[in-house]
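J.: Before I ask anything, let me first share the structure, which is written out below as structure tokens.
There are 2 protein chains.
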Amino acid sequence: MATKNKTAASTDIFDLIGKSENIEQAAMAMQAMSHPLRIKILCLLSSGEMMVQEIVEAVGTTQGNVSQHLAILKASAMIVSRAEGKKTYYWIEDKRVVKIVAMTRDVFCSI
Amino acid sequence: MATKNKTAASTDIFDLIGKSENIEQAAMAMQAMSHPLRIKILCLLSSGEMMVQEIVEAVGTTQGNVSQHLAILKASAMIVSRAEGKKTYYWIEDKRVVKIVAMTRDVFCSI
DNA sequence: AGATTACATTAGATATTTCTAATATTAGCA
DNA sequence: TGCTAATATTAGAAATATCTAATGTAATCT
Chain A
0 MATKNKTAAS
10 TDIFDLIGKS
20 ENIEQAAMAM
30 QAMSHPLRIK
40 ILCLLSSGEM
50 MVQEIVEAVG
60 TTQGNVSQHL
70 AILKASAMIV
80 SRAEGKKTYY
90 WIEDKRVVKI
100 VAMTRDVFCS
110 I
Chain B
0 MATKNKTAAS
10 TDIFDLIGKS
20 ENIEQAAMAM
30 QAMSHPLRIK
40 ILCLLSSGEM
50 MVQEIVEAVG
60 TTQGNVSQHL
70 AILKASAMIV
80 SRAEGKKTYY
90 WIEDKRVVKI
100 VAMTRDVFCS
110 I
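Order-wise, the sequence lines are chains A and B. For the first sequence, position 93 matches number 92 in numbering that gives the first Met the number 0, and the numbering has no gaps at all. For the second sequence, position 51 matches number 50 in numbering that gives the first Met the number 0, and the numbering has no gaps at all.
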């Protein structure tokens, strides 16, 4: 095993090893982000809150399907929501979520 | 749509929207990281290269299963490998992969 | 050559995810 | 109150992912 080498940027990655709860939670978060439609929704919400109908129009699928994906993102604390009359607004509270998506894109997208 | 606001840290998240290829690639990368065993492997490899048998001992599953997960990580360019006689060493080339995992843990792991 | 070690691959069973299509709920309006 | 709009939920089919257990392959050793 190599020596530890803590950076200021984030909690040490080594802390994850052996803590199965953390491993599980990290995997679940990744899983929540691992669908094209959900990535698309996160990209849309990176510029601010949106109501469901706006998201439906932007992503091009059914309302029911969008609601399902929003529920998955919300269940993993990726997004939050607020009801206003008949409408529901969704947004990203923690902007680090946007950063994770952006970094992933930087590393893995060639074009 | 809001105004663009480029940061120095990473390519603009807005560039993702509308580029379905990028969306797909980002989702595939997330998917590759979305399994507890694969997160564990990435954590192990964050301290340097390891051969398969070492990984098998560290994660506690069968050799065949580890090879399957290594193949998934490799197929998504998350890790690379080098054969040396009978042994195969795996490692993370791009340390940003480690950063993505660490950030995800920071944001979504409570304990 | 034959045996062993290290790893990769495969097939099939099981579990999970996703979509579709329909229905439920709730708020506001006529 | 009855109707419509906005969203959520559900059930079941189809697709995908995962594990197990077995087998394949290639390098090394005796």
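Beta carbons: idealized from backbone N, C-alpha and C, even for Gly.
Mapping DSSP to helix, strand and coil, what is lysine 18 (chain B)?
T.: Counting from one through the second sequence, the residue named residue 18 (chain B) turns up at place 19. Three-state DSSP puts lysine 18 (chain B) in coil, outside helix and strand.
J.: Compute the Euclidean distance between the alpha carbons of methionine 50 (chain A) and tyrosine 89 (chain A), then round it to the nearest angstrom.
T.: The count along the first sequence starts at 1 and reaches residue 50 (chain A) at position 51. The count along the first sequence starts at 1 and reaches residue 89 (chain A) at position 90. If I take the Cα positions, the gap works out to 6 Å.
J.: Suppose the cutoff is 6 Å on Cβ atoms and the five residues either side in sequence are ignored; what does the same chain contact list for glutamine 62 (chain B) look like?
T.: Residue 62 (chain B) sits at position 63 when you count from the first residue of the second sequence. Excluding residues within five positions, the ones whose Cβ falls inside 6 Å are Val55.
J.: Output the distance between the C-alpha atoms of lysine 3 (chain A) and glutamate 48 (chain B), rounded to the nearest integer angstrom.
T.: Numbered from 1 along the first sequence, position 4 holds the residue referred to as residue 3 (chain A). Numbered from 1 along the second sequence, position 49 holds the residue referred to as residue 48 (chain B). The predicted position of lysine 3 (chain A) is uncertain, since its pLDDT is 41 and thus under 50; a value taken from the coordinates is nonetheless stated next. Each residue's alpha carbon lies about 15 Å from the other.
J.: Report buried or exposed for threonine 60 (chain B), applying the criterion of at least 16 other Cβ atoms within 10 angstroms of its Cβ.
T.: Counted from its first residue, the second sequence places residue 60 (chain B) at position 61. Classification for threonine 60 (chain B): exposed.
J.: Mind checking which residues open and close the beta strand (DSSP E) that includes lysine 86 (chain A)?
T.: To locate residue 86 (chain A), count along the first sequence from 1; it is residue 87. Counting along the chain, the beta strand (DSSP E) containing lysine 86 (chain A) begins and ends at 86-90.
J.: Taking the continuous beta strand (DSSP E) assigned at serine 66 (chain A), which residues delimit it?
T.: Indexing the first sequence from 1 puts residue 66 (chain A) at position 67. Note, serine 66 (chain A): premise wrong, no beta strand (DSSP E); alpha helix (DSSP H) at 62-74.
J.: Under 8 Å by Cβ, that's how I've got isoleucine 40 (chain A) and leucine 72 (chain A) pegged, so tell me the actual separation to the nearest angstrom.
T.: Working through the first sequence from its first residue, we reach residue 40 (chain A) at position 41. Working through the first sequence from its first residue, we reach residue 72 (chain A) at position 73. Yes, isoleucine 40 (chain A) and leucine 72 (chain A) are in contact; Cβ-Cβ is about 7 Å, under 8 Å.
J.: Which chain A residues are close to serine 33 (chain B), counting only those with a beta carbon under 7 Å from its beta carbon?
T.: Numbered from its first residue, the second sequence carries residue 33 (chain B) at position 34. In chain order: Ala26, Met29, Gln30, Ser33.
J.: Can you give me the C-alpha to C-alpha distance between valine 106 (chain A) and isoleucine 78 (chain B), rounded to a whole angstrom?
T.: The sequence position of residue 106 (chain A) within the first sequence is 107, counting from 1. The sequence position of residue 78 (chain B) within the second sequence is 79, counting from 1. Their backbone Cα atoms lie some 12 Å apart in a straight line.
J.: Using a Cβ cut-off of 8 Å, pull out every chain B residue sitting near asparagine 21 (chain A), in sequence order please.
T.: The count along the first sequence starts at 1 and reaches residue 21 (chain A) at position 22. In chain order: Arg104, Cys108, Ile110.
J.: Looking only at DSSP bridge pairs, what is serine 80 (chain B) linked to?
T.: In the second sequence, counting from the first residue as 1, residue 80 (chain B) sits at position 81. Paired residues: B:Tyr89.
J.: Closer than 8 Å, CB to CB, is alanine 70 (chain B) near chain A or not?
T.: Translated into the one-based positions of the second sequence, residue 70 (chain B) becomes position 71. Not closer than 8 Å to any Cβ of chain A, the Cβ of alanine 70 (chain B) fails to qualify, so no.
J.: Cα separation between glutamine 30 (chain B) and histidine 34 (chain A)?
T.: Here the question's residue 30 (chain B) lines up with position 31 in the second sequence. Here the question's residue 34 (chain A) lines up with position 35 in the first sequence. Taking the straight line joining both Cα atoms gives about 8 Å.
J.: Buried or exposed: which applies to alanine 25 (chain A), given that a residue is buried once 16 or more other Cβ atoms fall within 10 Å of its Cβ?
T.: Here the question's residue 25 (chain A) lines up with position 26 in the first sequence. With 16 or more Cβ atoms within 10 Å of its Cβ, alanine 25 (chain A) is classed as buried.
J.: I believe isoleucine 91 (chain A) touches leucine 44 (chain A) by the beta-carbon criterion, under 8 Å. Please report the beta-carbon distance rounded to the nearest angstrom.
T.: Counted from its first residue, the first sequence places residue 91 (chain A) at position 92. Counted from its first residue, the first sequence places residue 44 (chain A) at position 45. Contact flag correct, Cβ pair sits at about 5 Å.
J.: Take cysteine 108 (chain A) and list the residues in its own chain whose beta-carbon comes closer than 6 Å to its own, dropping the five residues that flank it on each side.
T.: For the purposes of this step, residue 108 (chain A) is identified with residue 109 of the first sequence, where counting begins at 1. Excluding sequence neighbours, cysteine 108 (chain A) sits near nothing in its chain.
J.: Relative to the C-alpha of alanine 76 (chain A), which candidate in A:Thr87, A:Val96, A:Gly84 has its C-alpha closest?
T.: What you label residue 76 (chain A) is simply residue 77 of the first sequence in a count that begins at 1. Per the Cα distances, A:Val96.
J.: Taking isoleucine 99 (chain B) as the query, report the chain A residues whose CB atoms sit under 8 Å from its CB, ordered along the chain.
T.: Indexing the second sequence from 1 puts residue 99 (chain B) at position 100. Here the neighbours are Ile99, Met102, Thr103, Val106.
J.: Taking only beta-carbon atoms, is alanine 76 (chain A) less than 8 Å away from chain B?
T.: The residue you call residue 76 (chain A) lines up with position 77 of the first sequence. Closer than 8 Å: yes.
J.: Determine the extent of the alpha helix (DSSP H) in which cysteine 108 (chain B) is found, giving its start and end residues.
T.: The residue given as residue 108 (chain B) occupies position 109 in the second sequence. From DSSP, cysteine 108 (chain B) is part of no alpha helix (DSSP H); its letter is neither H nor E.
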